[in-house]
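Asks: Here it is, the structure, as structure tokens.
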Amino acid sequence: MKLKGNLFLLAAAFIWGTTFVAQLVGMDELGPFGYCSARYIIASVAIMAVWLAFKGQRQKKIAAGAYIAGWKYGLGAGCIMLFATSMQQMALQYTSAGKTAFITCLYIMLVPLFAVFLKKKVYPENWAGAALAIGGLYCLCVKEALTLGYGDMLAILNAVGWTFHILYIDRFAAKADNIELAAAQLMTCAVGSTILALVFEDIVFSSIINSWFPIMYAGVMSSTIAFTLQIVGQKYSDPGPAAIIMSMESVFGALSGWVILGETMSSVEITGCILMAAGMLVTQCKQRN
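So the mapping is simple: my numbering equals the position in the sequence shown, first residue as 1, plus 84.
Written out as structure tokens, the structure is:
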């Protein structure tokens with residue numbers, strides 16, 4: 085079952101990575117909060133369609149006494165995710181995308197560290213895999229001196245937010261209805277992002293129409309499908325390996341930029357991809373034994 089969960093998480097990372105291209109295109113005419121608001125509103129509509137489609141299965145669980153509603157758990161997950169995404173968007177205003185991506189994915193180390201305090205078992209293979217992945221992330225993302233400024237501090241808060249999000253999902257994914265958890269999470273982000281957009285940005289409806297494809301892709305593929313895959317995948321995977329697998333979105337993002345946007349990859353960046361893949365494989369060794 086752990087292999088199944090890891091495959092779900094890898095699929096989520098692939099979708100998140102390819103969504104990076106959509107985010108770049110979508111931000112041509114929209115501010116960060118306006119774009120997030122639009123994608124999360126689309127995602128909320130899509131996930132409710134999924135919720136209705138699985139009504140029959142939910143009724144069977146209710147009849148069998150195995151149903152636990154996921155709405156209240158999703159509210160907590162949504163608040164954490166809203167904080168993390170807001171910190172990330174604010175960080176991008178003050179520091180580079182590469183440094184933000186690197187600092188964000190420091191949850192690779194923070195997740196097993198916090199997991200220890202929560203009395204989760206973390207194996208040496210997990211730490212070794214995390215070290216390889218962080219080395220890979222540095223090669224892949226950081227192209228300038230790694231000094232800490234105001235934007236970098238915001239990115240650190242973002243990394244802490246995603247750390248708690250991963251641990252929160254690990255705690256409640258196996259208990260509650262996964263679709264309801266995902267739905268409440270996305271709706272919370274939709275409401276929060278809309279409020280932030282109305283307060284800090286000028287939303288032009290024509291810009292939303294012009295950006296319909298990147299909004300739809302991010303809303304349906306990334307927000308609806310990928311975050312649901314994360315929730316389901318973490319039911320079967322430990323938080324440490326899950327964090328490393330999900331960080332592969334950086335690799336998929338670089339590869340999709342190369343394939344779709346024609347961006348070039350240096351030998352250092354290619355080395356970073358290889359190190360991250362190695363880290364993902366190393367952390368799985370204990371699970372296969």
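All residues carry an ideal CB built from backbone N, CA and C; glycine is no exception. Keep in mind it's a predicted model, so treat the numbers as computed, not measured.
Given that a residue counts as buried once 16 or more other Cβ atoms are within 10 Å of its Cβ, and exposed if not, what is residue 373?
Replies: Confidence at residue 373 is low in this model, with a pLDDT of 45, below 50, so the placement of that residue should be treated as unreliable; the coordinate-derived value is given next. Residue 373 is exposed by the Cβ-count criterion.
Asks: Between which residues of its own chain and residue 92 is the CB-CB distance below 6 Å, once the five residues before and five after are set aside?
Replies: Taken in chain order, the residues that qualify are 313, 316, 317.
Asks: Measure from the alpha carbon of residue 358 to the alpha carbon of each residue in 143, 218, 87, 116, then state which is nearest.
Replies: The shortest Cα separation from residue 358 among 143, 218, 87, 116 belongs to 218.
Asks: Under 8 Å by Cβ, that's how I've got residue 117 and residue 302 pegged, so tell me the actual separation to the nearest angstrom.
Replies: Their Cβ separation, rounded to whole angstroms, is 14 Å, which puts residue 117 and residue 302 out of contact at 8 Å.
Asks: Would you mind giving the Cβ-Cβ distance between residue 168 and residue 329, rounded to the nearest angstrom? I have them listed as a contact below 8 Å.
Replies: No, residue 168 and residue 329 are not in contact; Cβ-Cβ is about 18 Å, not under 8 Å.
Asks: In chain order, what residues of the same chain lie with their CB nearer than 8 Å to the CB of residue 323, ignoring the 5 residues before and after it?
Replies: Closer than 8 Å at Cβ, skipping near neighbours: 195, 196, 199, 204, 250, 251, 254.
Asks: For residue 223 and residue 353, I'd like the C-alpha separation in whole angstroms.
Replies: Straight-line Cα distance between these residues: approximately 5 Å.
Asks: Once the 5 residues before and after residue 268 are set aside, which same chain residues still bring their CB inside 8 Å of it?
Replies: So the list reads 154, 155, 156, 157, 158, 159, 161, 162, once near-sequence residues are dropped.
Asks: What does the alpha-carbon distance come out to for the pair residue 178 and residue 236?
Replies: Distance between the alpha carbons of residue 178 and residue 236: 8 Å.
Asks: Would DSSP call residue 373 helix, strand or coil?
Replies: Legend: pLDDT at residue 373 = 45, less than 50; position of this residue unreliable, value from coordinates given subsequently. Reduced to three states, the DSSP call for residue 373 is coil.
Asks: State the DSSP-derived secondary structure class of residue 197, mapped to helix, strand or coil.
Replies: Three-state DSSP puts residue 197 in a helix.
Asks: Assuming residue 285 contacts residue 140 under a Cβ cut-off of 8 Å, what Cβ separation, rounded to an integer in Å, is found between them?
Replies: Their Cβ separation, rounded to whole angstroms, is 41 Å, which puts residue 285 and residue 140 out of contact at 8 Å.
Asks: Assign residue 333 to one of three DSSP states: helix, strand, or coil.
Replies: Residue 333 falls in the helix class under three-state DSSP.
Asks: Pick out whichever of 87, 173, 144, 272 has its Cα sitting closest to the Cα of residue 242.
Replies: It is 173 whose Cα lies nearest to the Cα of residue 242.
Asks: Between the C-alpha atoms of residue 326 and residue 245, what's the straight-line distance to the nearest angstrom?
Replies: So the two alpha carbons sit approximately 16 Å from each other.
Asks: Helix, strand or coil: how does DSSP classify residue 177 here?
Replies: Note: residue 177 maps to coil in three-state DSSP.
Asks: For my contact list, residue 265 and residue 175 are in at a C-beta cut-off of 8 Å; report their separation, rounded to the angstrom.
Replies: About 27 Å separates the two Cβ atoms, so there is no contact after all.
Asks: Among the candidates 170, 164, 333, 257, whose CA atom is the shortest distance from the CA of residue 403?
Replies: What the structure shows of the chain is the stretch from 85 to 373, and residue 403 is not part of that stretch, so it cannot be assessed.
Asks: Using the three-state DSSP reduction, which class does residue 141 fall into: helix, strand or coil?
Replies: Helix, per DSSP.
Asks: Excluding the five sequence neighbours on either side, which residues of its own chain have a C-beta within less than 6 Å of the C-beta of residue 213, listed in chain order?
Replies: Here the set comprises 328, 363, 366, 367.
Asks: Which residues in the same chain have their Cβ closer than 6 Å to the Cβ of residue 256, if we skip the five residues on either side of it in sequence?
Replies: Within the same chain, residue 256 has close Cβ partners 157.
Asks: What is the DSSP secondary structure of residue 287, counted as helix, strand or coil?
Replies: DSSP places residue 287 in coil when its eight states are reduced to three.
Asks: Suppose contacts are defined by Cβ-Cβ distances below 8 Å. Is residue 128 in contact with residue 274 by that definition?
Replies: Result yes, Cβ atoms of residue 128 and residue 274 sit closer than 8 Å.
Asks: Compute the Euclidean distance between the alpha carbons of residue 102 and residue 126, then round it to the nearest angstrom.
Replies: One C-alpha to the other measures close to 18 Å.
Asks: Rounded to whole angstroms, what's the CA-CA distance from residue 216 to residue 166? Just pull it up for me.
Replies: Residue 216 and residue 166: Cα-Cα distance of roughly 29 Å.
Asks: State the Cα-Cα distance for the pair residue 234 and residue 240, rounded to the nearest angstrom.
Replies: Distance between the alpha carbons of residue 234 and residue 240: 10 Å.
Asks: By the three-class DSSP mapping on this structure, what secondary structure does residue 280 have?
Replies: Here residue 280 sits in helix by DSSP.
Asks: Determine the extent of the alpha helix (DSSP H) in which residue 312 is found, giving its start and end residues.
Replies: Per DSSP, residue 312 belongs to the alpha helix (DSSP H) from 311 to 317.
Asks: Could you have a look at residue 86 and say whether DSSP puts it in helix, strand or coil?
Replies: Three-state result, residue 86: helix.
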